[in-house]
Amino acid sequence: MSVSRVVITGLGVVSPLGVGVELNWRRLLDNYSGIVSLDETEYAGIPCRVAGRVPISSENKNQDGSLNFSTYFTRMSDLKSMSLASAFVLVAAQEAIENSQILSAYNDRTRIGVSVGNGIAGLTNTCTIWEQMKAKGIYRGMSPFYITQILPNSSAGYISIRHKLQGPNLCNSSACAAGVQAIGDGYNMIRLGHADAMVCGATEATINPITISGFARMRALSTSFNDQPRLASRPFDRQRDGFVMGEGAAILILERLEYAEKRGAKILGEILGYGLSSDASHITNPSGSGALNCMKNAIDNARLNTKDIGYINA
Numbered sequence: 009m010s011v012s013r014v015v016i017t018g019l020g021v022v023s024p025l026g027v028g029v030e031l032n033w034r035r036l037l038d039n040y041s042g043i044v045s046l047d048e049t050e051y052a053g054i055p056c057r058v059a060g061r062v063p064i065s066s067e068n069k070n071q072d073g074s075l076n077f078s079t080y081f082t083r084m085s086d087l088k089s090m091s092l093a094s095a096f097v098l099v100a101a102q103e104a105i106e107n108s109q110i111l112s113a114y115n116d117r118t119r120i121g122v123s124v125g126n127g128i129a130g131l132t133n134t135c136t137i138w139e140q141m142k143a144k145g146i147y148r149g150m151s152p153f154y155i156t157q158i159l160p161n162s163s164a165g166y167i168s169i170r171h172k173l174q175g176p177n178l179c180n181s182s183a184c185a186a187g188v189q190a191i192g193d194g195y196n197m198i199r200l201g202h203a204d205a206m207v208c209g210a211t212e213a214t215i216n217p218i219t220i221s222g223f224a225r226m227r228a229l230s231t232s233f234n235d236q237p238r239l240a241s242r243p244f245d246r247q248r249d250g251f252v253m254g255e256g257a258a259i260l261i262l263e264r265l266e267y268a269e270k271r272g273a274k275i276l277g278e279i280l281g282y283g284l285s286s287d288a289s290h291i292t293n294p295s296g297s298g299a300l301n302c303m304k305n306a307i308d309n310a311r312l313n314t315k316d317i318g319y320i321n322a
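This is the structure we're talking about:
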């Protein structure tokens with residue numbers, strides 16, 4: 009069976025640097041940091057008090073790159089039914105879809121699918137509900153939207169609903185690998201003929217006392233730079249002492265090469281190969297063998313040689 013070549017034709021991002029691909033790229037080049045202090049009293053007893061928060065503003069004419077939900081939601085009440093992670097990914101997906109102009113080119117939306125990964129995106133809603141239940145009682149404090157807020161697949165579902173995409177709708181929750189795996193799943197959907205285009209990526213919004221405490225108890229988070237939050241994330245530095253929890257969403261539009269060329273789409277890149285593996289060892293301390301096997305699998309899948317690789321992202 010012949011397989012299709014898969015290209016990238018659209019990008020969208022919401023991050024602690026702000027909203028939009030161009031803004032994020034410019035701020036990366038300018039050495040801008042979106043890591044801030046967690047100054048709320050609920051974080052007072054936690055060793056880690058820094059995180060990468062998406063800047064959110066209620067100003068209608070906000071010019072600093074902050075996220076203003078009224079720009080993307082005609083009814084603000086719609087936000088009540090979803091998690092913050094779902095709201096983030098809807099914004100990122102809108103930018104990517106508009107960037108690719110894919111909807112105007114495809115008449116059959118049963119051939120456009122969605123693949124979105126996340127980790128524990130609904131936990132913040134659980135924290136909120138728990139406080140409401142303590143104040144109002146078990147039943148009266150429960151929101152009718154709670155289940156749709158915490159389901160991992162809700163984010164992918166909301167994208168398909170908003171844009172009427174009726175192709176494959178996928179979700180995975182593989183922790184830090186969720187986004188890459190979601191892209192790989194979308195790549196395979198196109199490659200094997202199950203879709204002609206896929207909206208792929210990941211979202212996360214889990215900055216809350218439970219999550220920060222949990223990762224801090226694992227000794228996974230940085231604790232030495234609470235007074236200098238922008239210096240806390242330093243994965244390749246000798247003074248590194250853990251990672252920094254962040255939030256946001258990013259989306260790629262994947263498309264069958266021949267379709268993209270036929271409609272004259274701007275091709276941003278091509279996915280040549282994809283690999284999967286597992287360490288099958290410690291639950292939180294990778295041995296490294298899984299990463300090595302994964303890279304080998306991706307290179308083999310792309311039918312390349314190691315000497316063909318000119319850039320490694322870590």
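Just add 8 to wherever you are in the sequence shown, counting from 1, and you've got the numbering used here. Ideal Cβ positions, reconstructed from N, Cα and C, are used throughout, including at glycine.
Practice prompt. Report, in whole angstroms, the separation of the C-beta atoms of R119 and D193, which I expect to be a contact under 8 Å.
Written response: Counted from its first residue, the sequence shown places residue 119 at position 111. Counted from its first residue, the sequence shown places residue 193 at position 185. About 16 Å; that fails the 8 Å criterion.
Worksheet item: Cα-Cα, which of T314, E139, S162 is closest to N126?
Response: To locate residue 126, count along the sequence shown from 1; it is residue 118. Restricting attention to T314, E139, S162, the CA atom closest to the CA of N126 is found in S162.
Practice prompt. Please work out which residues of its chain come closer than 8 Å, Cβ to Cβ, to L31, disregarding the five sequence neighbours upstream and downstream, and give them in chain order.
Written response: In the sequence shown, residue 31 corresponds to position 23, counting from 1. Excluding the 5 residues flanking it on each side, L31 has same chain C-beta neighbours closer than 8 Å at L25, G73, in chain order.
Worksheet item: Are the beta-carbon atoms belonging to S297 and D308 less than 9 Å from one another?
Response: The residue you call residue 297 lines up with position 289 of the sequence shown. The residue you call residue 308 lines up with position 300 of the sequence shown. Cβ distance not < 9 Å, so S297 and D308 don't count as in contact.
Item to complete: Would you mind working out which of I54, G42, E269, I215 sits nearest R227, comparing C-alpha positions?
Response: Residue 227 sits at position 219 when you count from the first residue of the sequence shown. Closest option to R227, judged by alpha-carbon separation, among I54, G42, E269, I215: I54.
Discussion item. I'd like to check one pair, Y195 with L98: are the Cβ atoms closer than 9 Å?
Written reply: Along the sequence shown, read from residue 1 onward, the residue named residue 98 stands at position 90. Along the sequence shown, read from residue 1 onward, the residue named residue 195 stands at position 187. 9 Å or more divides the Cβ of L98 from the Cβ of Y195.
Item to complete: Identify the continuous alpha helix (DSSP H) that holds S297 and give its terminal residues.
Response: As a first step, residue 297 is located in the sequence shown; it is residue number 289 there, counting from the start. Counted as a single uninterrupted DSSP element, the alpha helix (DSSP H) harbouring S297 occupies residues 297-309.
Practice prompt. Provide the residue span of the beta strand (DSSP E) that contains N177, from first to last.
Written response: The residue labelled residue 177 in the question sits at position 169 within the sequence shown. For N177, the uninterrupted beta strand (DSSP E) segment begins and ends at 177-180.
Worksheet item: Quick one, which of S66, S91, D316, M90 has its alpha-carbon nearest T79's?
Response: The residue given as residue 79 occupies position 71 in the sequence shown. Among S66, S91, D316, M90, the Cα nearest to that of T79 belongs to S66.
Worksheet item: Considering only C-alpha positions, which residue in the set C208, R117, I43, T136 is nearest to A59?
Response: Translated into the one-based positions of the sequence shown, residue 59 becomes position 51. Among C208, R117, I43, T136, the Cα nearest to that of A59 is on I43.
Fill in: A210 and A257 closer than 9 Å at C-beta
Counting from one through the sequence shown, the residue named residue 210 turns up at place 202. Counting from one through the sequence shown, the residue named residue 257 turns up at place 249. Cβ atoms of A210 and A257: closer than 9 Å.
Worksheet item: How many angstroms separate the CA atom of G250 from the CA atom of S230?
Response: By one-based count along the sequence shown, residue 250 stands at place 242. By one-based count along the sequence shown, residue 230 stands at place 222. Rounded to whole angstroms, G250 and S230 show a C-alpha spacing of 4 Å.
Worksheet entry | Cβ distance (whole Å) where Q157 is taken to contact M90 below 8 Å | The count along the sequence shown starts at 1 and reaches residue 157 at position 149. The count along the sequence shown starts at 1 and reaches residue 90 at position 82. So it is a contact: roughly 6 Å between Cβ atoms.
Discussion item. Relative to the C-alpha of N216, which candidate in I105, A129, A268, G187 has its C-alpha closest?
Written reply: Taking the sequence shown and counting its residues from 1, one reaches residue 216 at position 208. It is A129 whose Cα lies nearest to the Cα of N216.
Worksheet item: Mind checking whether L260 and G281 have CB atoms under 9 Å apart?
Response: Along the sequence shown, one-based indexing puts residue 260 at 252. Along the sequence shown, one-based indexing puts residue 281 at 273. Not a contact, by the Cβ cut-off of 9 Å.
Item to complete: Return the first residue and the last residue of the beta strand (DSSP E) that E278 is part of.
Response: Against the sequence shown, residue 278 aligns to sequence position 270. Start and end: 277-279.
Discussion item. Quick check: what's the CA-CA separation for G272 versus G18?
Written reply: Along the sequence shown, one-based indexing puts residue 272 at 264. Along the sequence shown, one-based indexing puts residue 18 at 10. When rounded, the separation of the alpha-carbon atoms in G272 and G18 is 13 Å.
Item to complete: Could you tell me the distance, in whole angstroms, from the CA atom of K172 to the CA atom of A100?
Response: By 1-based counting over the sequence shown, the position of residue 172 is 164. By 1-based counting over the sequence shown, the position of residue 100 is 92. Between the alpha carbons of K172 and A100 lies a distance of about 16 Å.
Item to complete: Compare the C-alpha of D116 against each of Q140, Q174, E255, Q236 and name the closest.
Response: Here residue 116 refers to the residue found at position 108 of the sequence shown. Nearest C-alpha to D116: Q174.
Worksheet item: Going by beta carbon distance, what residues of the same chain come within less than 8 Å of L87, once the five residues before and after it are set aside?
Response: Translated into positions along the sequence shown, residue 87 becomes position 79. Counting only residues of its own chain and dropping the five nearest sequence neighbours on each side, L87 has a CB closer than 8 Å to the CB of F77, F81, A95.
Discussion item. Counting C-beta neighbours from all protein chains within 10 Å, is the total for V21 16 or more, i.e. buried, or is it exposed?
Written reply: Looking up residue 21 in the sequence shown gives position 13. Buried, because 16 or more other Cβ atoms sit within 10 Å of the Cβ of V21.
Worksheet item: In its own chain, which residues sit with a C-beta less than 6 Å from the C-beta of S295, not counting the 5 before and 5 after it?
Response: In the sequence shown, residue 295 corresponds to position 287, counting from 1. Same-chain partners within the cutoff: D287, S289.
Practice prompt. Could you name the residues that DSSP lists as bridge partners for C264?
Written response: Your numbering for residue 264 matches position 256 in the sequence shown. Residue identity check: residue 264 is Arg in the sequence provided, not Cys. Looking at the DSSP assignment, R264 forms a beta bridge with V14.
Worksheet item: With distances taken from CA atoms, which of Y154, I155, E212, L200 is nearest S182?
Response: In the sequence shown, counting from the first residue as 1, residue 182 sits at position 174. S182 has its Cα closest to that of E212, out of Y154, I155, E212, L200.
Worksheet entry | Beta-carbon spacing of V15, I191 below 9 Å | Translated into the one-based positions of the sequence shown, residue 15 becomes position 7. Translated into the one-based positions of the sequence shown, residue 191 becomes position 183. Taking 9 Å as the cut-off, the Cβ atoms of V15 and I191 do not count as close.
Item to complete: Just the C-alpha distance for E103 and V29, rounded to the nearest angstrom, thanks.
Response: Residue numbering aside, residue 103 sits at position 95 when the sequence shown is read from its first letter. Residue numbering aside, residue 29 sits at position 21 when the sequence shown is read from its first letter. Going by C-alpha positions, E103 is about 8 Å away from V29.
Practice prompt. Go ahead and label E48 buried or exposed: buried means 16 or more other beta carbons lie within 10 angstroms of its beta carbon, across all protein chains shown.
Written response: Counted from its first residue, the sequence shown places residue 48 at position 40. By the beta-carbon neighbour count (other beta carbons within 10 angstroms, threshold 16), E48 is exposed.
Worksheet entry | Nonlocal neighbours in the same chain, by C-beta distance under 7 Å from H199, ignoring five residues either side | Mapped onto the sequence shown, residue 199 falls at position 191. Note on identity: in this sequence residue 199 is Arg, with His being the wrong assignment. Only V11, S12, V14 meet the Cβ criterion.
Worksheet item: Which residue's Cα is closest to the Cα of I110: T314, Y319, L265?
Response: Here residue 110 is taken as the residue at index 102 of the sequence shown, counted from 1. By alpha-carbon distance to I110, the top candidate from T314, Y319, L265 is L265.
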